[in-house]
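Chemist: What follows is a structure written as structure tokens; I'll ask about it next.
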Amino acid sequence: MNGLTRGIDQINWLHHKFKTEVNCALVEHNIPLTLSKLRVLDVIAHTPHCRAKEIIEILGFSPRTVTEALDYLDIKGFILRKKSKENRKDKILSLTQRGDSILSIAIEIRMAKLHELIEPLTEEQLMQLIHLSDVLYNASR
Numbered sequence: 001m002n003g004l005t006r007g008i009d010q011i012n013w014l015h016h017k018f019k020t021e022v023n024c025a026l027v028e029h030n031i032p033l034t035l036s037k038l039r040v041l042d043v044i045a046h047t048p049h050c051r052a053k054e055i056i057e058i059l060g061f062s063p064r065t066v067t068e069a070l071d072y073l074d075i076k077g078f079i080l081r082k083k084s085k086e087n088r089k090d091k092i093l094s095l096t097q098r099g100d101s102i103l104s105i106a107i108e109i110r111m112a113k114l115h116e117l118i119e120p121l122t123e124e125q126l127m128q129l130i131h132l133s134d135v136l137y138n139a140s141r
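If you're matching positions, the sequence shown starts at 1 in UniProt numbering and goes up one per residue.
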């Protein structure tokens with residue numbers, strides 16, 4: 001069990017390091033986003049008729065975290081909120097042109113940091129990592 005605990009702790013450490021490096025790189029490039037807000041924007045960009053509910057389900061964020069992120073993204077002019085025709089309480093989310101532009105730049109930065117993180121892995125090791133993370137993720141949902 002000791003090796004398993006160490007492995008989980010190392011994964012947690014790597015995630016924290018990746019998140020910190022992405023956030024620092026975004027600041028260096030004057031991108032007013034964090035990795036978490038970037039992920040919210042990315043979900044909005046790739047989810048037709050996106051609502052806060054979908055973001056919560058996809059990212060596993062708390063409703064409060066998503067609401068705070070959406071408020072920030074709205075204030076920055078990165079998203080639009082439109083009332084749903086089916087349910088007036090629901091807001092349909094979409095990116096503005098500014099949001100789309102900032103997301104493209106932020107994703108490039110995130111991908112560069114991700115490539116730095118996985119650089120030591122062979123192609124086979126990378127495929128194994130992806131497979132194992134898929135198995136664990138799907139089993140926990």
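All C-beta atoms, glycine included, are put in the ideal place defined by N, C-alpha and C.
(1) Quick check on the DSSP output: the beta strand (DSSP E) that includes I92 runs from which residue to which?
(2) With a cut-off of 8 Å, do at least 3 Cβ pairs link the segment 90-101 to the segment 67-81?
(3) In the DSSP output, what is C50 paired with across the bridge?
(4) Check whether the segment 105-124 and the segment 29-42 touch, using three or more Cβ-Cβ pairs below 8 Å as the test.
(5) Which same chain residues, not among the five before or five after R98, have their C-beta less than 7 Å away from its C-beta?
(6) Roughly how far, in whole angstroms, is the beta-carbon of F18 from the beta-carbon of L132, given that I think they are within contact range, below 8 Å?
(7) Are A106 and L59 closer than 8 Å when you measure CB to CB?
Modeler: Walking through what the data contain:
(1) K91 to L95
(2) yes
(3) L93
(4) yes
(5) G77 and F78
(6) In fact, because the Cβ distance is near 17 Å, the residues do not count as touching under 8 Å.
(7) no
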